[in-house]
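Below: the structure, in structure tokens.
Numbering (the numbering used here), first residue to last: 238 to 362.
Written out as structure tokens, the structure is:
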């Protein structure tokens with residue numbers, strides 16, 4: 238049951254991104270490697286579910302299915318780690334952007350002080 242839930246959730250996520258991006262952009266777009274990774278997770282999961290269903294009929298409670306659930310959990314955990322690494326890169330870029338804005342603001346403050354000194358100097362003359 239857990240394996241089926243994970244397969245359905247990953248399939249829904251993949252379908253939403255496929256519909257949003259379109260076929261060409263989904264398969265060879267800027268983030269093609271994440272999409273292909275999703276395909277490599279979803280397709281074998283469905284193949285395994287179909288073969289298990291054909292073998293055991295509606296009774297899918299075999300001993301091997303428990304190990305499959307653990308395998309899917311490990312794959313899910315690995316995918317979350319991979320996606321969080323991507324998020325860390327985004328956070329690093331965001332942090333660089335904030336620091337550059339702060340440095341620019343500091344330089345702008347000094348430029349304003351210099352401008353006020355020039356205006357004050359000319360007003361005395």
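For glycine and all other residues, C-beta sits at the position ideal for the given N, C-alpha and C.
Close-in-space but distant-in-sequence residues of the same chain around residue 363 (CB under 6 Å, 5 per side omitted) | The structure shown does not extend to residue 363, since the chain is modelled only from 238 through 362, so no value can be given for it.
Residue span of the alpha helix (DSSP H) that contains residue 285, given as start and end | Run containing residue 285: 269 to 293, per the alpha helix (DSSP H) assignment.
Is the stretch 242 to 250 touching the stretch 274 to 292 in the sense that three or more CB pairs, one from each, lie closer than 8 Å?
-> Below 8 Å, enough C-beta pairs join the stretch 274 to 292 and the stretch 242 to 250 to call them touching: three or more.
Tell whether a beta-carbon distance below 7 Å holds between residue 279 and residue 251.
-> In this structure, residue 251 lies closer than 7 Å to residue 279 by Cβ.
Alpha carbon to alpha carbon, what distance is there between residue 328 and residue 258?
-> Approximately 24 Å, taken between the alpha carbons.
Nearest-angstrom Cα separation, counted from residue 267 out to residue 337 = Using only the alpha carbons, I get a separation of about 26 Å.
Return the CA-CA distance between residue 357 and residue 349, expressed in angstroms with no decimal places.
-> Rounded to whole angstroms, the gap between the alpha carbons of residue 357 and residue 349 is 12 Å.
Which term fits residue 270, buried or exposed, when burial requires 16 or more other beta carbons within 10 angstroms of its beta carbon?
-> Exposed, since its Cβ has fewer than 16 Cβ neighbours within 10 Å.
Local Cβ density within 10 Å of residue 293, reported as buried at 16 or more and exposed below that = Burial state of residue 293 is exposed, judged by a 10 Å Cβ sphere holding fewer than 16 other Cβ atoms.
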